[in-house]
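Novice: Questions regarding the structure given below will be posed in turn.
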Amino acid sequence: MFGNLLTFLSSGLLALSWWQILLAMLVMTHVTIIDVTLYLHRCLAHRALDLHPAVRHFFRFWLWMTTGISGNEWAGVHRKHHAKCETADDPHSPQMLGICKVVFEGSELYTAQARNEETLRKLG
Numbered sequence: 002m003f004g005n006l007l008t009f010l011s012s013g014l015l016a017l018s019w020w021q022i023l024l025a026m027l028v029m030t031h032v033t034i035i036d037v038t039l040y041l042h043r044c045l046a047h048r049a050l051d052l053h054p055a056v057r058h059f060f061r062f063w064l065w066m067t068t069g070i071s072g073n074e075w076a077g078v079h080r081k082h083h084a085k086c087e088t089a090d091d092p093h094s095p096q097m098l099g100i101c102k103v104v105f106e107g108s109e110l111y112t113a114q115a116r117n118e119e120t121l122r123k124l125g
């Protein structure tokens, strides 16, 4: 029994090799990028794309499982970014905040703006 536990801890649930883990990570990253581009950006934020409800549900579930991002919050923050682009009110402007802050602290900037009830009420 102890040997089985050690095997599980050293190999994981599926006992994947390094290249299988790398492949799974690449596929998951690609699906997440497609999700952000099609679902969050095109469908929710800009309303430029209508997706089948099953596809919308898959994308919403995928984001919830992999990133914890709320689609409505993301869309509201993104709409504010377009409405206040490159001003002091832009939630993630590299012009105002600096590129390093936006790249390395982008998640914190998003979270702070997603907690702003006024942004979500007006633009979410």
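Numbering-wise (our numbering), the sequence shown opens with residue 2 and increments by one.
Positions of the beta carbon are idealized from the N, C-alpha and C atoms, including for glycine.
#1: If you draw a straight line from the alpha carbon of G72 to that of P95, how long is it in whole angstroms?
#2: Measure the CB-CB distance between T67 and M29 and report whether it falls below 8 Å.
#3: Say whether the segment 32-49 touches the segment 6-15, bearing in mind that this needs 3 or more beta-carbon pairs closer than 8 Å, one atom from each stretch.
#4: Apart from the five residues on each side of it in sequence, which residues of its chain come closer than 7 Å, Cβ to Cβ, to T120?
#5: Give the secondary structure of I100 by DSSP, where H, G and I count as helix, E and B as strand, and everything else as coil.
#6: Could you have a look at C44 and say whether DSSP puts it in helix, strand or coil?
#7: Helix, strand or coil for I22 per DSSP?
#8: What separation, rounded to the nearest whole angstrom, lies between the Cα atoms of A84 and H93?
#9: Which runs of the alpha helix (DSSP H) at least 4 residues long sit entirely within the segment 25-79? Give them in chain order.
#10: What does the alpha-carbon distance come out to for the pair V56 and L39?
Specialist: Inspection of the coordinates gives the following:
#1: On the sequence shown, position 71 is the one that residue 72 refers to. On the sequence shown, position 94 is the one that residue 95 refers to. Taking the straight line from one Cα to the other gives about 23 Å.
#2: Numbered from 1 along the sequence shown, position 66 holds the residue referred to as residue 67. Numbered from 1 along the sequence shown, position 28 holds the residue referred to as residue 29. Yes. Within cutoff.
#3: no
#4: One-based indexing of the sequence shown puts residue 120 at position 119. Correct list, in chain order: G77, V78, K81 and Q114.
#5: Mapped onto the sequence shown, residue 100 falls at position 99. I100: helix per DSSP, three-state reduction.
#6: Start at 1 with the first residue of the sequence shown, and residue 44 comes out as number 43. Three-state DSSP puts C44 in a helix.
#7: Along the sequence shown, one-based indexing puts residue 22 at 21. Three-state result, I22: helix.
#8: Position 83 of the sequence shown, counted from the first residue, corresponds to residue 84. Position 92 of the sequence shown, counted from the first residue, corresponds to residue 93. So the two alpha carbons sit approximately 12 Å from each other.
#9: 54-67
#10: In the sequence shown, counting from the first residue as 1, residue 56 sits at position 55. In the sequence shown, counting from the first residue as 1, residue 39 sits at position 38. Taking the straight line from one Cα to the other gives about 10 Å.
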